[in-house]
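Oh and the sequence shown: position 728 is 729 in the working numbering, straight run, nothing missing.
Glycine included, each C-beta is placed from N, C-alpha and C at the ideal position.
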Amino acid sequence: MARPAGVVFSMTVMVGLLPGPVHAQTSLPATITDSARRHATATALTEPVRVDGRLDEAAWRGKPLTDFTQAEPREGLPASEDTEVWLAYDESNLYVAAYLHDSQTPTVNDIRKDFNDSSQDVFQVILDTFRDRRNGYVFMTNPEGARGDRQVAGEGREINSSYDAIWRVETARVADGWTVEMEIPFRALRFDPANDVWGINFGRTLRRNNEVAYWAPIPRAYTFYRLSLAGDLSGLPMGTPGRDLRVKPFALAGTVRETGGTGFTNQREAGVDVKYRITEGLTLDVTANPDFAQVEADQQRVNLTQYSLFYQEKREFFLENSGLFYVGDAARNSRVRLTPTPDEDLLLFYSRRIGIGADRRAVPIDGGIRVTGQAAGLSVGGLWMRTNPAGDELGSDYGVLRVRRNLFAGSDVGGIVMMRDAVGDESSYNRVYGADAYIRFPGAIDWSSYYVQTESPLFDAGQYAWRTSLNREGNFHHVKFGLMEIGDGFTNDLGFFKRTGVRKYFLDWGVRPRPESFRAIGVREIHPHVVWNYFDDLSGDIVAKRFHSGVTFFLETGGNVQLAVDHSTEFLERPYSLDSRIDSIAVGRHDWATWVLSGSTDASQLISADYRVSWGGLWTGTQQGFSGGITVRPSYRFRSTVSLDRTEWEGTDTPESFTKTFWTVRTNYSFNKDMFVDALVQVDRDTRQVNSNVRFNLIHSPLSDIFVVWNEQRFQTDEAIAPGRSFTIKVTQMLAF
C-alpha cells in the first residue's frame, strides 16, 4: 500500500526541484524600516461630504495616494489598473474616497453584508488605530457598495468577521471604473488619544485576472492583515472616541411542533444585548436571555471516523471577538491554501460547548457578560455565561479569561483560565489553566507553544496537554513541524479534542514554484507538499499515523486542481462501528491508502463547481466517495448551490456494504443591500429525512433586523410521523447613545 504514496511523493520532489526559471520571482521584503514606510495624511474638511459614491466634493481634488503594487500575480510590479485614494476628516468621522480605474467592466457577485471578498472586485482599507503593528479594523466594499467589516488581531492570527460597526459606504460607476466614498465614525473604533499616528493600508482585488495589489507593498506569502508592513496615517484630530453605548432589545414570537408531536406550542421571548465602551481600549458586552433562532442549521455530513465531527460556531454573540480566546498553532499568516494542515487535535476553547448539547440541540442561556480589548499593554478577553437545566443536564456557569502581552517584532506571551461549574452540584466541575507563547524570529520563522493543566473530579493524574511547533513561511517554500502531548486524564468541558493519552509528531512541508512555461496553460503556481502525522500512546506504541502527499495546481482564474494520496494506519483498542448495516471493525491494526482528486473552478463565473473524489481503502474494505457542488450565479442578487456528499463502502473479505448519501440545496436571493432570503434543504437518503430552513432578513435600520424563520423536519419513511415544524418572527432594534 505504500506504492501510491511513493508515486505522488516522487512527483512532489521532482516538481519541487524544477530548475532555473521556476525560481525567478520578484520578491518584496518581509520586513521594512520606518524610513521605508509609506505615509498618508488626512486633511480637514472645509465642506460636508455627501456620501453617495460620487467624487464631486473639493476634498477629493487634492493629490491622491497612488502607485499600488501587486502581490498577485506578479509580485513587486505596478498594479495593472490605477487606483487613487483620498483621506479627510471632520470632528466625528474619517472619510475614505477612492477612484478605481478599470478598462473593463468590474466583477461583482454579492450585495449583502460581509460578502465573499475572494470572488469579486474589492476595495478595502485597514486601520491600525493603536499603531502596534498587529491589530486593526478592516472596511471593504465592492462595485455595488456592499458593506464588509472585520477586526484583525496578531496580523491575521485571529480574524473576527462578525465585527459590526455603524458606518456608511456608497459606490458609483463611471466610464473608466468605479468610485467609492466611506464614512467611518471615530466612535466605531478603539484608539489611544495620545497617539496621533495610525497604521493604514489599502487593498484592491481585480477579480477578472485574479490580481491583488496594495498601497503599502506586501509579499504574496502574506495577507492584507500584515500590519507590520502597513503605512502611517497622520493629521487626524486625536479626540476621545466616546463611550459608544448601544442597547439592542429583541422580541420573538413563534410556534413549534416537535417531530412526531400532536400539536403546536406558542413561544414568546424577549431579551436585550448591551455594548458599552468602558475605556478607549475595553468594551463590555452584556446579554440577557439571548436567542439564536435566526442562525442557520448545521449542514449534515458523512462521518467515517471514530470521532465527533467539528461544527463551526454560527451564533453572533460567540463569534464576535472570538479570536481573542484562541490558543493554538503557529500563526497562519500565509494566504489560505489547500495544503492539509495538521489536524487541530485540541481546540482549548470551543464556544459551542456553551448553549448547545451533545445532540446539537439548543440549551437555554440565561445571560452572560464579555469584556474584550486592550488595557495596560495587555490584550484581554473575559467571558461568563450561565445556562438553564435541559433534559438530564444541569444548568452550568461557564467562565473564560484570556490575556496576552505583546513583545518584540510581533511576538507575544499569554495565559488562559477556563471553568465550568454545575449549578447546584459542587461535585461537577472542570478547571483549565494554560500559558502560551508565540515568538517571531528573523527569516519569516515563527515558534508557538502552550501548556495547559486541568482539574476534574474524574481523574487524579495525567490532566495536562502541551504543544510546540516551528513554522517557516516564504514565497517559495513552507515548513512546519512540531510535537504535541495530551495526558490520559485531560478533561476540558469547554474544548474540542479527539483523543487523550497520546503524543503526536507532525510535519507539513511544501514548495510553491511558478514556472513561466506553465502560465501558457493557465497554471499560476504548483504546490507539491507532504504532511505526516504520527501518534503514539505515551509508552511509545503506535496509535495512528497518516502520510499525505500531493500536488496542487493553482490556476490563473483562481481555481485549483489537486491530486493526492493518503496512507493511513489506525490501531483499535475496542470494536468500532463504521455503520449500523455492517459488523463492527475488529480490534488491532488497520492499514489503507486512499487517492483523492479535488479542486474548484472560478467562483466568479456564472456557473462554478467544487469537488472531491476519493477511492481506495477504508478500514477493512474499499470506498468510493464524492463530495462537491455546482453553483449557479446569474446575477449578484441570486445564487443557488446543489451539493452531494456520497460514500460507497464494500468489505474486502465479506459481502457487507453500505452507501451514505446527503443532498443539499442552498439558495440565496438579495432584494437589495438590506433585505435577503435564504433557503436550505438537506436530504439524508439513508434515513429518508428531509430538513428545510428558510430565513428572511430585513435590516430595517443600522444593526437592527427583522427575521422570519421557517424550519421543518420530515421523515419520508413513515408518513404517520408528523413532521416537526417551527415558525418564528424576531425583531431587533439598535439604540445608539
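Start and end residues, alpha helix (DSSP H) containing residue i
i: R39; result: Taken as a continuous stretch (DSSP letters only), R39 belongs to no alpha helix (DSSP H), as it is neither H nor E.
i: E317; result: 317–320
i: R520; result: 517–520
Run of the beta strand (DSSP E) containing residue i, from where it starts to where it stops
i: L573; result: 561–573
i: S609; result: 608–619
i: R209; result: First-last for R209: undefined, no H or E at that position.
i: A72; result: 70–73
i: D398; result: 397–407
i: Y138; result: 137–142
i: S702; result: 690–702
i: Q307; result: Q307 -> no beta strand (DSSP E), and no H or E assigned at all.
i: G725; result: 725–733
i: V710; result: 705–716
i: Q300; result: Segment: none, Q300 is in no beta strand (DSSP E) and carries neither H nor E.
i: A231; result: Element bounds for A231: n/a, residue is neither H nor E.
i: Y793; result: Here the chain has residues from 2 to 738 only, and residue 793 is not among them.
i: I112; result: Premise fails: I112 is in no beta strand (DSSP E) and is neither H nor E.
i: V328; result: No beta strand (DSSP E) contains V328, which DSSP labels as neither H nor E.
i: A89; result: 84–90
Per DSSP, cross-strand counterpart(s) of residue i
i: D509; result: K481, V532
i: F497; result: L348
i: E486; result: W467, R504
i: Q268; result: G255
i: A363; result: I357
i: E159; result: A154
i: K276; result: R247, D286
i: N472; result: D447, K481
i: P79; result: T70
i: I543; result: D537
i: A680; result: T668, V695
i: F548; result: W533, H568
i: A45; result: Y90
i: E182; result: A98, E171
Residue i (DSSP reduced to helix, strand or coil)
i: M15; result: With a pLDDT of 46 at M15, under the threshold of 50, the modelled position of that residue is not reliable, and the figure given next carries that caveat. M15: helix per DSSP, three-state reduction.
i: F491; result: coil
i: S323; result: helix
i: F187; result: helix
i: E171; result: strand
i: R354; result: helix
i: W216; result: coil
i: G63; result: coil
i: E526; result: strand
i: H24; result: Unreliable placement is indicated for H24, whose pLDDT of 40 sits below 50; the coordinate value is still reported in the next sentence. If DSSP states are grouped into helix, strand and coil, H24 belongs with the helices.
i: I201; result: strand
i: T106; result: coil
i: I583; result: coil
i: E557; result: coil
i: N334; result: At N334, the pLDDT of 37 sits below 50, so the modelled position is not reliable and the matter cannot be decided from this model.
i: V126; result: strand
i: V9; result: Bear in mind that the predicted position of V9 carries a pLDDT of just 49, short of 50, making it unreliable; the figure below should be weighed with that in mind. It is helical.
i: V52; result: coil
i: G262; result: coil
i: T32; result: coil
i: G240; result: coil
Distance cut-off 7 Å: residue i Cβ against heavy atoms of the ligand COA
i: K499; result: The ligand COA is absent from the structure shown, which contains no ligands of any kind.
Proximity test, Cβ basis, 8 Å: residue i and chain B
i: N110; result: In the structure shown, chain B cannot be found, because there is only a single protein chain.
Nearest-angstrom Cβ-Cβ length linking residue i and residue j, presumed shorter than 8 Å
i: Y577; j: I586; result: 5 Å
i: G502; j: L539; result: 6 Å
i: D346; j: F498; result: 6 Å
i: V566; j: A604; result: Going by Cβ atoms, the distance from V566 to A604 rounds to 27 Å, so no, they are not a contact pair.
i: G626; j: D611; result: So it is not a contact: roughly 14 Å between Cβ atoms.
i: P250; j: I366; result: That pair is no contact at about 16 Å.
i: N110; j: Y637; result: 5 Å
i: P220; j: A31; result: 6 Å
i: I700; j: D675; result: 4 Å
i: G329; j: L348; result: 7 Å
i: I185; j: L234; result: At roughly 12 Å, the Cβ-Cβ gap does not stay under 8 Å, so I185 and L234 are not in contact.
Entirely enclosed beta strand (DSSP E) segments - the segment 367–393, minimum 3 residues: If you keep only unbroken beta strand (DSSP E) runs of at least 3 residues inside the segment 367–393, you get 379–388.
Complete runs of the beta strand (DSSP E) confined to the segment 587–675 [at least 3 residues]: Residue ranges of uninterrupted beta strand (DSSP E) with 3 or more members, entirely inside the segment 587–675 and ordered along the chain, are 589–601, 608–619, 622–633, 639–652, 658–673.
Residue ranges of each alpha helix (DSSP H) within the segment 418–455, 4 or longer: Counting whole runs of 4 or more residues, the segment 418–455 contains no alpha helix (DSSP H) stretch at all.
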